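For the sequence shown, numbering that gives the first Met the number 0 assigns the number 0 to the initial residue and increments by one for each residue that follows.
Virtual Cβ for every residue (Gly too), placed ideally from N, Cα, C.
Since the structure is predicted, the reported quantities are computational estimates derived from the model, not experimental observations.
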Amino acid sequence: MKIALFTEVYRPIINGVVTSVDSLAEQLRVLGHEVFMFAPHIPNGVESAGRVFRMPSLPLPTRTEYRLTLPLVARRNKIRFLSQCDIIHSHSLFITGWMASYYARRRFRIPFVYTYHTLLDSYAHYSPLGQHLTSQLTRELTRTYANAADAVIVPTKMVAAELRKQGVTAPLSVVPTGIDIDAFRPDPEARRSVRRLLEIAPDAPVLLLVSRLAQEKNVPLALEALSRLHERLPKAVLVLVGSGPLMGVLKEQVKASGLEDAVRFAGVVPHQMIASFYAAADVFVFPSLTETQGLVLAEAFAAGLPAVALDSPQTREVFGTHLAGEIVADAGAMADAAFELITVPVRRALAKAHAKTAAAAFDSRVTAAKMLAIYEAVVSNAARSSGQSESAEPLHESRMETVI
């Protein structure tokens, strides 16, 4: 197949969407398919490996690394490639996504699928239009865009249920975001080197949080849990990997709590190094209030790292039936669970074993195969629809479930 992936954000920016798109593209190529990326141009960015078509873009008025894509694909080779594609897969419903929809649905009439990555309602508080109005607008945008697709892919059943509530009637398929689980195998030397880098004692209990430092990620709860844990394990350290608008506020909270020696702000870590930080930790903490899946939980599990996560439908879905840690209700319970996982060898060994088992569901080879099956079903249905309209069958959700 020739497959075009459209994304609103791409390298050198690193986030969950970029990781998801890269993982999918890599595995589809391994399976023998041609994959091309369409993404905004980023000044001074180092070009990514593979075929990446960059579209003109402008900086956003806010201080952010993200760009505003201009709806232009001027070069003929780009247009020619799109006309030859078997399927277009959008990972955004903003300008880049609408370009994908236009070329697929109107210009070339080829199959079109969309992955819904982000619960947009959870970010409405950032909008200058007000949270209520922004929420209404994003729901309408989501409904309109998703219903134009031949199939919509979501990372969890909870997200599928939410889209149904918002009025999405297109066929929905659940495919978790895939990761290279082999890249997260624990490395004893990486554990030692990261601890040396962060000036953490070899025997210190280490909690790890990999997150954007923003309101919806609920990082203060992890700091409160650390404060409680410190009463029983004075050597315990919390490593925060990531950056964001709350960095300054969190540093003030750490100072006010007297935890300066117990918290390490590691900042943004290159993705190729992130596995070393998982290796350096003993317990992964996950206090987020909003996730479509929680990709970092899957990464922690792949590293064999027990997790303590705040209760939510998404968290329960990632954990599944596996005893890969604890799901908790508050900071006190998070501290208690972390203490048990650190100090009770049998419980820790059980959690590590279950974590590795849970990670198998997120193996990028498995998720790419599921995605490819969806592509094939959509393309096959489109061929029947165009060639024999009287015998074409609607692509019902039940049929999609049979291919994943």
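Boundaries for Y102: no beta strand (DSSP E) harbours it, and the DSSP string shows neither H nor E there. DSSP places S172 inside the beta strand (DSSP E), whose first and last residues are 171 to 173.
Counting along the chain, the unbroken alpha helix (DSSP H) around V295 starts and ends at 294 to 301.
When only Cα atoms are considered, L222 and A334 end up about 10 Å apart.
Boundaries for T117: no alpha helix (DSSP H) harbours it, and the DSSP string shows neither H nor E there.
Collapsing the DSSP output to three states places K234 in coil.
Nearest to P58 by C-alpha distance, out of Q130, R195, N43, is N43. Cα atoms of T314 and V238: separation of roughly 21 Å, rounded to the nearest angstrom.
The Cβ-Cβ distance between L30 and A367 falls below 9 Å. Judged by DSSP in its simplified three-state form, F276 adopts helix. The beta strand (DSSP E) runs lying completely inside the stretch 137 to 177 and spanning 3 residues or more are 150 to 153, 171 to 173, given in chain order.
Non-local C-beta neighbours of G319 in its own chain, meaning closer than 8 Å and more than five positions away in sequence, comprise A357, A360, ordered along the chain. For the set C84, V153, Y101, the Cα lying nearest the Cα of L118 is the one of V153.
According to the DSSP assignment, T68 belongs to the beta strand (DSSP E) that extends over 66 to 68. Residue state for R79 is assigned as helix, using DSSP reduced to three classes.
With fewer than 16 neighbouring CB atoms inside 10 Å of its own CB, G257 falls in the exposed class. For F107, there is no enclosing alpha helix (DSSP H), as DSSP marks it with neither H nor E.
By the C-beta criterion, the stretch 172 to 180 is judged to be in contact with the stretch 286 to 305, since at least 3 inter-stretch pairs fall below 8 Å. Rounded to the nearest angstrom, the gap between the Cα atoms of V284 and S384 is 49 Å. Exclusion of the five residues before and after G15 leaves L294 as the residues of its chain whose Cβ lies within less than 6 Å of its Cβ. Rounded to the nearest angstrom, the gap between the Cα atoms of K216 and P286 is 7 Å.
Residue state for S56 is assigned as strand, using DSSP reduced to three classes. Annotated three-state conformation of R211 is coil, per DSSP. Around the Cβ of S82, a 10 Å sphere holds fewer than 16 other Cβ atoms; the residue is exposed. Closest in C-alpha terms to A265, from the list V8, S56, I199, comes I199. Remark: C-beta atoms of S91 and A99 approach each other more closely than 9 Å.
It is roughly 30 Å from the alpha-carbon of V365 to the alpha-carbon of D120.
Within 10 angstroms of the beta-carbon of P170 lie 16 or more other beta-carbons, which makes it buried. Short of 6 Å from the beta carbon of H353, and not among the five residues preceding or following it, lie these beta carbons of its own chain, in chain order: H321, L322, A323.
Taking G96 as the centre and dropping the five residues before and after it, the same chain places the C-beta of F5, E7, S89, H90, Y113, Y144 closer than 8 Å to its C-beta, in chain order. Burial check for K156: the Cβ neighbour count within 10 Å stays below 16, so the residue is exposed.
With a 10 Å radius around the Cβ and a threshold of 16 neighbouring Cβ atoms, R79 comes out exposed.
Using a Cβ distance threshold of 9 Å, S363 and S22 count as a contacting pair.
Going by C-alpha positions, L206 is about 6 Å away from V236. Between R263 and A330, the CB-CB gap reaches or exceeds 9 Å. One alpha carbon belongs to L232, the other to A336, and they sit about 13 Å apart.
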